[in-house]
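In this note's numbering, the protein residues as written are 440 to 1386.
The structure is reproduced here in structure tokens:
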């Protein structure tokens, strides 16, 4: 039964991640309709059973009882439709209403007994005190009903006409039920035939596939083509020109993404008749993470079979086409513990150089993927040795570099290969990332680093369909956008679903693809290398033809056009919290607001006007806060304590231009208490442009204390921006040094409202850190990301321009760009303020040239030459490292051969001591390995511990 279920569900996905199959859904629909028909027949038979008393008498008694109890809204059900005399004459006050509505069960309903009037019998005599009711009569077809306010007359129970009608009622009811059932069955047959015809047409291409090492070969014209070059004009969702992209996205997102959901639901779940026979074999069932996510036979990846191991050619992975590139990707499930060896075997055999991982190892306490790499050192998986060469952790993703080598055959060892894994870590447990900026940066890095000679890029999440499909589609559509100036998301998803089921799994992922494409179309690639900053600054200061703005103003205009989502500020807009906001236009968003513990017995005490802000290397690097009000100082310190912030950056004076900008939240001397928090000033030191205060903060309830350092910047004028960037760079350097010593807890940054100067500080810290790490800057996207996290971050055009100028000053102060990659000792002769990104405290400042925000002293050619020299030096170092690695591996190979020989010779040894002596003589560096000798005399070398 389980075997049958898996085979039938080959085009489906697992519960939670994967919807049920269409075939099963059709079966349920048919079953429900049949059951409904049976219930319909039973109901009619029940209503036509011969009553012990006449129906008219029952109704009369019911109505009289209603009159006695004065119930204005009682209801009675007739088993038959009442008849009216053609000679009926209405008396005074008689009201007749007729309505038509859909019927439910073919019965007559009496509803809403509202008044009593005088009626006339069919022979013309007045019948006082009869009750008028709203009577609903329904047609035999069950598609309409007539409601009429009619007089009730109750003829004697022995009336022959009434008896005849009652006798005919069961026959009529049965005929109606049978007619309805026949109509339903006919409709079902027609729908089923239409659906069968559709599937037959869709599956007519399946014979064009032939398996050959897992790749699709064309016996007939390929049924899963690359992106259609001339799509049919009658397609419901044709390709979109890029200039219509924003308009179409806004239209489809209206009414809670209604049109997007319709488009996604119209996607074929299984466009072709594909089989999953290999995946459904008993030997391979345990290799599948989800029973319903199985690779198709025609597109699955074939491993080289292992001799003596049945079905060892199977892995849950499928070849996927890119844009105009066949089998550009391999979409795979996240490896299980049982399949890690197979995963690395696939990487080796397919000559893969790049792995894209779009899931975390655990999400919602559920294992999504086994860790298939060592944290450090090296490890052997099957016959593939994997060693970690480098790890770089960034805010949205982590880059790991592995060196892999095939082992086992001592006579024909394979060369080493460098594998780069890009692990996207910002995909939330539910839904999609709140902005596509991180994904686009991630994708750009993947494209740039994958060598042209390499095999398919391996992309995996957990099931290998949802997030994996999203990544693949964005990559392909960006290529199509650049080539054809249009995108075809619907068409491309339909095609890759013919290679692996359920690629792009949810409507949210589908919408996210469009959002990523729109983001790229509207803003493009705004990253700059430091060597091109001078050119970019010259360009953005030029007027744009046809406008009165220059490039810088246009950039900032795009930033200000970002919509502030006021509907996502619920907590900050509560009446109880409104008085806690210094500026009503700057309120934290719900998704990243800083939450503090609720006071016992008090409501709405978890709110403080502050937001978590991402940095360059990690999330929630900063807490952007407003300057505390007098009545929110306690909340401010509760926030500092709760989130273990050890650094506070203050970018405003207590009072500016006669207005309070921030309440003094620290003591001028001694100590002061704010609720359970006691703050004591331990030390105060004046620097060139800022003051450093060391504070001892104690939580009296927990009886614990912490050292907190406040950096109070005095270089920001009351109006405008600082005259140069030296002071800002200095304070950033000091804060980074403090973070290195106290741990990477959030840095609390505030000005007055917590947006303008605060955003500028966060932007500069992030940009300069990236300049040091990558030699790349992106001021525009950095500020854009900040504004998506908190309203009005970097508030004015002057502040935005200031970010560019500080970066330029920072670069200009380095006469040798190669020092960006040098050691702290080499850089110690430079300006102390320029040691920021080396995370060292400022040293004694040396002579400095005057900065005037001009480009005159900037030599882009010299920096380009020095940067090239630095790259060449890095290349030499990499080659030297590779040479040493080869020598080390050669030494290991030699020793392994000697040990194997010792194992053979051990049989001839008479004493154990003899063997020990031979082993010690054979090893030049025995401390690098843990060697052991079994009782049988075999020499065992456990896993290598390091280089």
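Just so it is clear, CB atoms sit at the ideal spot from N, CA and C, and this is done for glycine as well.
Sorting 1128, 916, 1130, 1105 by C-alpha distance to the C-alpha of residue 1120 places 1105 at the top. At least 9 Å separates the beta-carbon of residue 1045 from that of residue 1185. When the five nearest sequence neighbours on each side are left out, the beta carbons in the same chain lying within less than 8 Å of the beta carbon of residue 788 are those of 742, 743, in order along the chain. Excluding its 5 nearest sequence neighbours in each direction, residue 864 has C-beta neighbours in its own chain below 8 Å: 799, 835, 836, 837, listed in chain order.
The beta carbons of residue 898 and residue 770 sit closer together than 9 Å. For the options 862, 896, 929, the alpha carbon positioned closest to that of residue 881 is the one of 862. The shortest CA-to-CA distance from residue 1008 to any of 682, 722, 1227, 611 is the one to 1227. Taken atom to atom, the span from the alpha-carbon of residue 1026 to that of residue 1079 is near 19 Å. Residues of the same chain with a CB within less than 8 Å of the CB of residue 1084, apart from the 5 flanking positions on each side, are 1062, 1078, 1147, 1184, 1185, 1186, 1187 in chain order. The beta-bridge partner set that DSSP reports for residue 829 consists of 840. Distances from the CA of residue 840 to each of 885, 713, 752, 759 were compared; the closest alpha carbon is that of 885.
At a Cβ-Cβ threshold of 9 Å, residue 755 and residue 903 count as neighbours. Straight-line spacing of the CA atoms in residue 821 and residue 831 works out to 27 Å. Using a Cβ-Cβ distance cut-off of 8 Å, the stretch 1195-1204 and the stretch 1028-1035 are not in contact, since fewer than three pairs of beta carbons, one from each stretch, lie closer than that value. Under the 10 Å beta carbon count, residue 1053 is surrounded by 16 or more other beta carbons and is classified as buried. Under the rule that a run must span 3 or more residues, the beta strand (DSSP E) segments found entirely inside the stretch 848-916 read 856-863, 896-899. Residue 1212: member of the alpha helix (DSSP H) spanning 1195-1213, first to last residue. Look at residue 1098 here: in three-state DSSP terms it is strand.
When DSSP reads this structure, residue 1144 sits in a beta bridge with 1137. Taking a C-beta distance under 9 Å as the contact criterion, residue 935 and residue 912 qualify as a contact pair. Per DSSP, the beta-bridge partners of residue 796 are 862, 899. Counting only unbroken stretches of 4 or more residues, the alpha helix (DSSP H) elements lying wholly within the stretch 988-1012 are 990-999, in sequence order. Under the DSSP assignment, residue 786 falls in the alpha helix (DSSP H) whose first and last residues are 779-788.
Under the DSSP definition of a beta bridge, residue 1088 partners with 1150, 1188. A direct Cα-Cα distance of roughly 46 Å separates residue 860 from residue 985. Comparing C-alpha distances from residue 790 to each of 750, 808, 844 shows the shortest one belongs to 844. Between residue 1170 and residue 1129, the C-beta gap is smaller than 9 Å, which places the two residues in contact. Bounds of the alpha helix (DSSP H) holding residue 1242 are 1236-1251.
Proximity to residue 732 across 618, 942, 611 peaks at 942, based on C-alpha coordinates.
In terms of Cβ geometry, residue 1219 and residue 1019 do not form a close pair [threshold 9 Å]. In the three-state DSSP reduction, residue 1127 falls in the coil class, being neither helix nor strand. Setting aside the 5 residues that flank it on each side, residue 1115 is surrounded in the same chain by 1138, 1139, 1140, each with a C-beta closer than 7 Å to its C-beta; the list follows chain order. For residue 758, DSSP records a beta bridge to 769.
Residue 1121 sits in a strand when the DSSP states are folded into three classes. Inter-residue distance for residue 745 and residue 1324 is about 29 Å (C-alpha atoms, whole angstroms). The stretch 747-761 makes no contact with the stretch 803-820, as fewer than three CB pairs between them are under 8 Å.
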